[in-house]
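Novice: All residue numbers in the sequence shown are consecutive under our numbering, ending with 609.
Please read through the structure below; I'll follow up with questions.
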Amino acid sequence: MSKLMGVKELSENAISDQAIETRARFDIIRYAQGWEDAEVLIKALTSGSDHKKAAGKHFLSVAAAGDNVLALLLLDPQKIVAADLSQAQLYCLQMRIEAFKHLSYDDFIELMEPTPSNMRRDIARNLISDFEGDMLLFWQEKLDAIEKLGLAGIGKFENYFSLFRRYILPFIASKKTCNELFQKMSAAQREEFFNKKWNNWRWRLATKFFFSEKMMGKLGRDPAFFDYAEGNLPKQVQDKVRHAVINMEPHDNPYMQWILLGHHQYALPLAWRKEHYQTIKDRVDRIEFFKGPIQEASGRFDGFNLSDIFEYMSPSLSQEVYEKLLDKAQPDARFVYWNMMVKRQMSVHFSQRVKMNDIEASKLALEDKAFFYSALIIEDVLS
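As structure tokens, then:
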């Protein structure tokens, strides 16, 4: 640890011995912000109970851009190990930690958001002034992008949504209609708005094209992330967006706002909110870094945030990785992860050691503001 055999089955096994790090690029910033709902994650890890019950616990989390790792600090853990295959993603978390340590809240938001700024480049340059070696060079090369896009806008996935806003969204809805979507409305008003102003043939055609596995793989994530994909991603996005607009409040949805507006107009991700800034600032030294497969991180853990890592693995490799993680779990530990296009429910294969908490997972899935995922999985280690 450092600081800083059907045909389909045969096809899957042909890839199964190739870990995702051999099939996809990990030298770029793929995600410059979190795309899993941190509020849902925290509720899932704590059964929605008093956060004080999580105090002093140890968590193992996928690092990604770092937002959800920082959000986990609100649970007052003793330690969080942030693991990632990508050094670039770990650098994103390190940059955030430095920002929390040294910036005022207003400067932090100025660094993150793409709003016009004369100071963002200087803020970023000052933050990295104590970095050394590869990490310093990495961020020096990205100062122009940070100045233009904000730290949260420089990832491949964020650029994917930028392309959507620039070339696809005008075909679907006007700026006026997009802004109207985020105004406070009743559920009945939101349903009327969606049916009359959004859910048209242009929206359905655009999602069928732009949110296909091929396009998202090429422009947003990585083609290898869809090696085991099943189902219909465009239809899934259409259904999830409908739910997010009608049954939830777009005004309070930071993910939808970034996708459609390019910034957080009305709502911020959990870890970015002013009321949590000092708490996170006081606890960032509890984060440890691990570069490599998450199942190789050392320690014993009470909670696991696994993002959607099993999405990229064959069934056999998923079970192998999960078993190694189980060996690191404390009694009564909890696993939280998501499915997007691949059904992975690991408790089916380890029923003597873990149980699926499907009632709680189904309830929380309805609250999930990040609408790309098909399922939330919550599994409890048996004592």
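Ideal placement from N, C-alpha and C gives every residue a C-beta, glycine not left out.
All figures in this text were calculated on a predicted structure; none of them were measured in a lab.
Could you tell me the distance, in whole angstroms, from the CA atom of isoleucine 497 to the CA atom of glutamate 324?
Specialist: Taking the first residue of the sequence shown as position 1, residue 497 is located at position 271. Taking the first residue of the sequence shown as position 1, residue 324 is located at position 98. It should be pointed out that residue 497 corresponds to alanine in this sequence rather than to isoleucine. The straight-line gap from Cα to Cα measures roughly 14 Å.
Novice: From which residue to which residue does the beta strand (DSSP E) around alanine 308 run?
Specialist: Taking the sequence shown and counting its residues from 1, the one referred to as residue 308 is at position 82. From DSSP, the beta strand (DSSP E) with alanine 308 extends over 305-310.
Novice: Which residue comes first and which comes last in the beta strand (DSSP E) that contains histidine 284?
Specialist: To locate residue 284, count along the sequence shown from 1; it is residue 58. From DSSP, the beta strand (DSSP E) with histidine 284 extends over 284-288.
Novice: Do leucine 377 and alanine 258 have their C-beta atoms closer together than 8 Å?
Specialist: Position 151 of the sequence shown, counted from the start, is the residue given in the question as residue 377. Position 32 of the sequence shown, counted from the start, is the residue given in the question as residue 258. It is a contact, given that the beta carbons lie within the stated cut-off.
Novice: Drop a sphere of 10 angstroms on the beta-carbon of leucine 353, count the other beta-carbons inside from all chains shown, and report buried for 16 or more, exposed for fewer.
Specialist: Here residue 353 refers to the residue found at position 127 of the sequence shown. Buried.
Novice: Count the other C-beta atoms from every protein chain shown that fall within 10 angstroms of the C-beta of methionine 345, then say buried if there are 16 or more, exposed otherwise.
Specialist: Reading the sequence shown from its first residue, position 119 is the one you call residue 345. So methionine 345 ends up on the exposed side.
Novice: Closer than 7 Å: is that where the CB of leucine 602 sits relative to any heavy atom of the ligand FMN?
Specialist: As for the ligand FMN, it is missing from this structure, which has no ligand bound.
Novice: Distance, Cα to Cα, phenylalanine 285 vs serine 400?
Specialist: For the purposes of this step, residue 285 is taken as residue 59 along the sequence shown, with counting starting at 1. For the purposes of this step, residue 400 is taken as residue 174 along the sequence shown, with counting starting at 1. Spanning the two alpha carbons is a distance of roughly 44 Å.
Novice: Under 8 Å between C-beta atoms, does asparagine 294 make it to chain C?
Specialist: Protein chains in the displayed structure number just one, and chain C is not present.
Novice: Sorted by chain position, which residues of the same chain lie with C-beta nearer than 6 Å to leucine 299's C-beta, five sequence neighbours on each side aside?
Specialist: Looking up residue 299 in the sequence shown gives position 73. These residues qualify, in order along the chain: Ile506, Arg509.
Novice: Using the C-alpha atoms, what's the distance from methionine 482 back to threonine 433?
Specialist: Indexing the sequence shown from 1 puts residue 433 at position 207. Indexing the sequence shown from 1 puts residue 482 at position 256. If you take the alpha carbons of threonine 433 and methionine 482, they lie about 15 Å apart.
Novice: Identify which residue in Gln313, Phe326, Gln415 has its Cα closest to the Cα of aspartate 360.
Specialist: Stepping through the sequence shown from its first residue, residue 360 is reached at position 134. Closest option to aspartate 360, Cα to Cα, is Gln313.
Novice: Which stretch, first to last residue, makes up the beta strand (DSSP E) that contains isoleucine 603?
Specialist: Within the sequence shown, residue 603 is the residue found at index 377, counting from 1. Residues 601-607.
Novice: Relative to the alpha-carbon of arginine 428, which residue among Glu367, Thr272, Leu363, Ile394 has its alpha-carbon at the smallest distance?
Specialist: In the sequence shown, residue 428 corresponds to position 202, counting from 1. Of the listed residues, the one whose Cα sits closest to arginine 428 is Ile394.
Novice: Inspect the CB distances between the stretch 455-470 and the stretch 282-296 and report whether three or more fall short of 8 Å.
Specialist: Judged by Cβ distances under 8 Å, the stretch 455-470 makes no contact with the stretch 282-296, as fewer than three pairs qualify.
Novice: Buried or exposed, going by whether 16 or more other CB atoms sit within 10 Å of the CB of isoleucine 604?
Specialist: To locate residue 604, count along the sequence shown from 1; it is residue 378. That one is buried.
Novice: Does aspartate 453 pass the burial test, meaning 16 or more other C-beta atoms within 10 Å, or should it be called exposed?
Specialist: Walking along the sequence shown from the start, residue 453 turns up at place 227. Note that aspartate 453 scores 47 on pLDDT, short of 50, meaning its location in the model is unreliable; the coordinates nonetheless yield the value given after this. Aspartate 453 should be labelled buried.
Novice: Give the secondary structure of tyrosine 257 by DSSP, where H, G and I count as helix, E and B as strand, and everything else as coil.
Specialist: Counted from its first residue, the sequence shown places residue 257 at position 31. Note: tyrosine 257 maps to coil in three-state DSSP.
Novice: Beta-carbon within less than 8 Å of alanine 559's beta-carbon, same chain only, minus the 5 sequence neighbours each way: which residues are those?
Specialist: On the sequence shown, position 333 is the one that residue 559 refers to. Contacts found: Phe527, Asp528, Gly529, Phe530, Asp606, Val607.
Novice: Ordered along the chain, which non-local residues of its own chain (more than five positions away) have a Cβ less than 6 Å from that of tryptophan 365?
Specialist: By 1-based counting over the sequence shown, the position of residue 365 is 139. Ile354, listed in sequence order.
Novice: Can you have a look at phenylalanine 435 and say buried or exposed, based on whether 16 or more other CB atoms are within 10 angstroms of its CB?
Specialist: Here the question's residue 435 lines up with position 209 in the sequence shown. Under this definition phenylalanine 435 is an exposed residue.
Novice: Helix, strand or coil for lysine 589 per DSSP?
Specialist: Taking the sequence shown and counting its residues from 1, the one referred to as residue 589 is at position 363. Of the three classes helix, strand and coil, the one that applies to lysine 589 here is helix, per DSSP.
Novice: To the nearest angstrom, how far is the alpha carbon of tyrosine 492 from that of lysine 517?
Specialist: The residue you call residue 492 lines up with position 266 of the sequence shown. The residue you call residue 517 lines up with position 291 of the sequence shown. Whole-angstrom Cα-Cα distance: 35 Å.
Novice: Specify the secondary structure class of glycine 359 as computed by DSSP and reduced to three states.
Specialist: One-based indexing of the sequence shown puts residue 359 at position 133. Glycine 359 falls in the helix class under three-state DSSP.
Novice: Grab me the residues of phenylalanine 357's own chain with a C-beta within less than 7 Å of its C-beta, minus the 5 sequence neighbours each way, in chain order.
Specialist: Here residue 357 is taken as the residue at index 131 of the sequence shown, counted from 1. Counting only Cβ-Cβ distances below 7 Å, and skipping sequence neighbours, we find Trp365.
Novice: Give the C-beta separation of alanine 350 and leucine 369 to the nearest angstrom, bearing in mind that I take them to be a contact with Cβ-Cβ under 8 Å.
Specialist: Within the sequence shown, the letter at position 124 stands for residue 350. Within the sequence shown, the letter at position 143 stands for residue 369. The Cβ separation is near 6 Å, so the contact holds.
Novice: Please state if the CB of leucine 602 and the CB of valine 266 are separated by a distance shorter than 8 Å.
Specialist: In the sequence shown, counting from the first residue as 1, residue 266 sits at position 40. In the sequence shown, counting from the first residue as 1, residue 602 sits at position 376. Taking 8 Å as the Cβ cut-off, valine 266 and leucine 602 qualify as a contacting pair.
Novice: Roughly how far, in whole angstroms, is the beta-carbon of histidine 477 from the beta-carbon of tryptophan 484, given that I think they are within contact range, below 8 Å?
Specialist: Looking up residue 477 in the sequence shown gives position 251. Looking up residue 484 in the sequence shown gives position 258. With 8 Å as the limit, histidine 477 and tryptophan 484 do not qualify as a contact, their Cβ atoms being about 14 Å apart.
Novice: Taking its Cβ as the centre, do 16 or more other Cβ atoms sit within 10 Å of asparagine 171, making it buried, or is it exposed?
Specialist: Outside the modelled stretch of the chain, which goes from 227 to 609, sits residue 171, for which no answer is possible.
Novice: Check whether the stretch 547-558 and the stretch 332-341 touch, using three or more Cβ-Cβ pairs below 8 Å as the test.
Specialist: No contact exists between the stretch 547-558 and the stretch 332-341.
Novice: Could you give the residue range of the beta strand (DSSP E) that holds aspartate 465?
Specialist: As a position in the sequence shown, residue 465 is number 239, starting the count at 1. Note, aspartate 465: premise wrong, no beta strand (DSSP E); alpha helix (DSSP H) at 459-472.
Novice: Which first and last residues belong to the beta strand (DSSP E) in which valine 295 is found?
Specialist: For the purposes of this step, residue 295 is taken as the residue at position 69 of the sequence shown. Counting along the chain, valine 295 falls outside any beta strand (DSSP E), though it belongs to the alpha helix (DSSP H) covering 293-298.
Novice: Tell me which residue opens and which closes the beta strand (DSSP E) that lysine 517 is part of.
Specialist: Taking the sequence shown and counting its residues from 1, one reaches residue 517 at position 291. Start and end: 513-517.
Novice: Taking Cβ to Cβ, would you say lysine 595 is nearer than 8 Å to methionine 411?
Specialist: Walking along the sequence shown from the start, residue 595 turns up at place 369. Walking along the sequence shown from the start, residue 411 turns up at place 185. Result no, Cβ atoms of lysine 595 and methionine 411 do not sit closer than 8 Å.
Novice: Taking the C-alpha atoms as reference points, what is the distance between phenylalanine 437 and glutamine 320?
Specialist: As a first step, residue 437 must be located in the sequence shown, where it is residue number 211. As a first step, residue 320 must be located in the sequence shown, where it is residue number 94. Roughly 31 Å between the two C-alpha positions.
Novice: Can you say whether valine 568 is buried or exposed, counting buried as having 16 or more other CB atoms within 10 angstroms of its CB?
Specialist: Within the sequence shown, numbered from 1, the residue matching residue 568 stands at position 342. Buried, because 16 or more other Cβ atoms sit within 10 Å of the Cβ of valine 568.
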